[in-house]
Structure formats: structure tokens, C-alpha cells
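Participant: UniProt numbering puts the first residue of the sequence shown at 16, with every later residue one more than the last. Positions of the beta carbon are idealized from the N, C-alpha and C atoms, including for glycine. What follows is a structure written as C-alpha cells; I'll ask about it next.
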Amino acid sequence: AAAARATDLSKVYGEGETQVIALDSVSVEFRQAEFTAIMGPSGSGKSTLMHCMAGLDTISSGSARIGDVELTTLKDKKLTQLRRDKIGFIFQAFNLLPTLNALENITLPMDIAGRKADQAWLDQVVATVGLAGRLKHRPNQLSGGQQQRVAVARALAGQPEIIFADEPTGNLDSRSGAEVLGFLRNSVREMGQTIVMVTHDPVAASYSDRVVFLADGRIVDELRNPTADGVL
Ligand code: ADP
Ligand code: ADP
16 AAAARATDLS
26 KVYGEGETQV
36 IALDSVSVEF
46 RQAEFTAIMG
56 PSGSGKSTLM
66 HCMAGLDTIS
76 SGSARIGDVE
86 LTTLKDKKLT
96 QLRRDKIGFI
106 FQAFNLLPTL
116 NALENITLPM
126 DIAGRKADQA
136 WLDQVVATVG
146 LAGRLKHRPN
156 QLSGGQQQRV
166 AVARALAGQP
176 EIIFADEPTG
186 NLDSRSGAEV
196 LGFLRNSVRE
206 MGQTIVMVTH
216 DPVAASYSDR
226 VVFLADGRIV
236 DELRNPTADG
246 VL
């Protein structure tokens, strides 16, 4: 089943001389329990595609669906609700609150939404990302890799149908990056998560199930079971 799907999705910024066609009739499916990497040169539309699919940006034409929900039909309030209930986000900057400890950061989105985390799931997530001994620590007491794992756990905690990750290892040294990527890959394998990750790092892309290549706002290639050498 498709966790998310774009059909003939176009996104145009500006008008007249400053008009930019960021996405030009893109069709792509993100299947359940599949880890997709999106690669392509700077300015090729990677972030725009992710933002449009995550309902963070409006689309100009075509269709963007999360599950069977068409995002273009949703009013702001419903869209916010859908983002909160079905989508997890991992950004390059960890966006952790410095005054909260790791566990409080992890459960914050659910606390805001007034939802109670499923304790068994939360335990599994915390164990999977290897934070069991660090839950009472605040962000400034954690390494960069551990902070990013908190951000990963936060994205997973609410059991979202799909996770969008924008360069999730961009700020990490290669060892911490490999750990975070291993955890993401494991969460796809063990918990059936759907993950869409923007990256320009071939090693990061090699953890995915398939790579979708963008150029000038179009999908130009797709590769299954990528290796780091294969995506260079
Ligand atoms: P990538 O993530 O691959 O680097 P982006 O999706 O950020 O590419 O950008 C795709 C194109 O859309 C680029 O030409 C960029 O300049 C343009 N663009 C992105 N965001 C905006 C915006 N808010 N306003 C105008 N143009 C934008
Ligand atoms: P563990 O050894 O605890 O499983 P790892 O982070 O080493 O943790 O690996 C987690 C998952 O990522 C495993 O499924 C492993 O096969 C996979 N993996 C590890 N390294 C790579 C790599 N370089 N490319 C692709 N997948 C990898």
C-alpha cells in the first residue's frame, strides 16, 4: 500500500521573471515499510517535494496524498491535525528544547496533541535508538549523535505512518551518522515505518531501499537496493 503518493505534482514559486518551476509534474509513490532516499543537485527540488508531501507547503497543481487523504482538499486545521497524527519530521537541526530532558523532548509532540504515548511502543523506540540510559539528560548533556537519536525517537514516538527526514545526518560525524541511519533502517525493518529521506550523501543513501533522483524538478532516475558506489 502507498503511505504517500504524488501524482503529476507541480510546484511553481513566484511569477513573471522570478518564476521558478521547483517541481515539474512529479509522480512518485512511497510504499509502506519502505525507506526511500531522495537525491539530486542543489536546487533540484528535493526539499520542495518533501515539504509538499508533508503538507508544509501548498502545491500548484496535481495531487499529493498521505494514505488515502488528498492534502489539497484539507483546510489548515485538518492539515495541522493530519501532520500531527500521521507524519513525523526529522530535521538537520535537531530542534530539541534545551530545558526539557530527552524523554520530555521525545513525548513533546504527543503532549501538545493531548495524546498518550503507547508505553510498550515508547520503550521499543527508546531501546531501538539506544537511549535507555540517557532519558533524564538534557540536550546539552548529550553528544550530537545522541541528540539526533532523540530527534529520531521523537519522530517515531507517535507511531506516524510516514517520516520525512531532511539531511538527518548532515550535522553528524560519520560514526554517529551511521548509528542514526542504522536505527532508521531498523525501524523500517522492525516497526514497518515508511521513511522518506533527503540526502546528498551516497553512504546515507546506501541505507535506503531505493533512491529517487531529481534534476530540475523532475524525477530522472530510480535505483533499488543502492550501494554507496552505485549512487555516486
Ligand atoms: P533542493 O532541496 O534540491 O536543493 P529546493 O526544493 O530547495 O531544492 O528548491 C528547488 C527550486 O525552487 C530552487 O530553484 C529554489 O531556488 C526554488 N525555491 C525553493 N523554495 C523557494 C521559495 N520559498 N521561493 C522561491 N523559490 C524557491
Ligand atoms: P546493529 O549492528 O545494531 O544492527 P547497525 O547500525 O550496524 O546496528 O545496523 C543497523 C542496520 O543497518 C542493519 O540492518 C544493517 O544491516 C544496516 N547497515 C549497517 N551498515 C550499513 C551500510 N553501510 N549500508 C547499508 N546498511 C547498513
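State the start and end residues of the unbroken alpha helix (DSSP H) segment that holds G197.
Facilitator: Reading the sequence shown from its first residue, position 182 is the one you call residue 197. Counting along the chain, the alpha helix (DSSP H) containing G197 begins and ends at S189 to M206.
Participant: Contact defined as beta carbons within less than 8 Å: I believe G173 pairs with P124. What is the distance between those atoms, to the nearest angstrom?
Facilitator: Here residue 173 corresponds to residue number 158 of the sequence shown, with the count starting at 1. Here residue 124 corresponds to residue number 109 of the sequence shown, with the count starting at 1. Right, their Cβ atoms sit about 6 Å apart.
Participant: Under the three-state reduction of DSSP, which class applies to D39: helix, strand or coil?
Facilitator: Along the sequence shown, one-based indexing puts residue 39 at 24. Residue state, collapsed to three classes: strand.
Participant: Could you give the DSSP three-state label for S223: helix, strand or coil?
Facilitator: Counting from 1 along the sequence shown, the entry for residue 223 is found at position 208. Of the three classes helix, strand and coil, the one that applies to S223 here is coil, per DSSP.
Participant: Can you tell me where the alpha helix (DSSP H) with I121 in it begins and where it stops?
Facilitator: For this step, residue 121 is matched to residue 106 along the sequence shown. Element bounds for I121: A117 to A128.
Participant: Along the alpha helix (DSSP H) that carries V140, what are the first and last residues, could you check?
Facilitator: Locating residue 140 in the sequence shown gives position 125, where the first residue counts as 1. Looking at the DSSP string, the run of the alpha helix (DSSP H) that includes V140 is Q134 to T143.
Participant: Assess, as a yes-or-no matter, whether the segment 149-164 is touched by the segment 32-44 under the definition of 3 or more beta carbon pairs within less than 8 Å.
Facilitator: no
Participant: Among G31, A16, I177 and K90, which has the Cα closest to the Cα of V203?
Facilitator: Position 188 of the sequence shown, counted from the first residue, corresponds to residue 203. Of the listed residues, the one whose Cα sits closest to V203 is I177.
Participant: Helix, strand or coil: which one does DSSP assign to S75?
Facilitator: By one-based count along the sequence shown, residue 75 stands at place 60. Note: S75 maps to coil in three-state DSSP.
Participant: Under the criterion of a Cβ to heavy atom distance below 7 Å, does T184 qualify as lining ligand 1?
Facilitator: As a first step, residue 184 is located in the sequence shown; it is residue number 169 there, counting from the start. T184 Cβ: outside cutoff for every heavy atom of ligand 1.
Participant: My output table needs one value for E237: the three-state DSSP class, helix, strand or coil.
Facilitator: On the sequence shown, position 222 is the one that residue 237 refers to. Here E237 sits in strand by DSSP.
Participant: Could you tell me whether the segment 103-122 touches the segment 138-153, where touching means 3 or more Cβ pairs closer than 8 Å?
Facilitator: Yes, the segment 103-122 touches the segment 138-153.
Participant: When burial is assigned at 16 or more other CB atoms within 10 Å of the CB, is S75 buried or exposed?
Facilitator: The residue labelled residue 75 in the question sits at position 60 within the sequence shown. It is exposed - the Cβ of S75 has fewer than 16 other Cβ atoms within 10 Å.
Participant: Do you know offhand how far A128's Cα is from A219's?
Facilitator: Translated into the one-based positions of the sequence shown, residue 128 becomes position 113. Translated into the one-based positions of the sequence shown, residue 219 becomes position 204. C-alpha separation (whole angstroms): 32 Å.
Participant: Could you give the first and the last residue of the continuous alpha helix (DSSP H) run that contains R169?
Facilitator: As a first step, residue 169 is located in the sequence shown; it is residue number 154 there, counting from the start. Element bounds for R169: G159 to A172.
Participant: Can you give the Cα-Cα distance for G245 and E237, rounded to whole angstroms?
Facilitator: Along the sequence shown, read from residue 1 onward, the residue named residue 245 stands at position 230. Along the sequence shown, read from residue 1 onward, the residue named residue 237 stands at position 222. Those two C-alpha atoms are separated by around 11 Å.
Participant: Hey, L229 and L64 are a contact pair by Cβ (cut 8 Å); roughly how many whole angstroms apart?
Facilitator: Sequence index remark: in the sequence shown, residue 229 carries index 214 (1-based). Sequence index remark: in the sequence shown, residue 64 carries index 49 (1-based). With a Cβ gap of about 7 Å, L229 and L64 count as contacting.
Participant: Is the segment 68-82 in contact with the segment 19-32, if contact means three or more CB pairs nearer than 8 Å?
Facilitator: yes
Participant: Answer yes or no: the CB of S40 versus the heavy atoms of ligand 1, is any distance below 7 Å?
Facilitator: Along the sequence shown, read from residue 1 onward, the residue named residue 40 stands at position 25. S40 Cβ: outside cutoff for every heavy atom of ligand 1.
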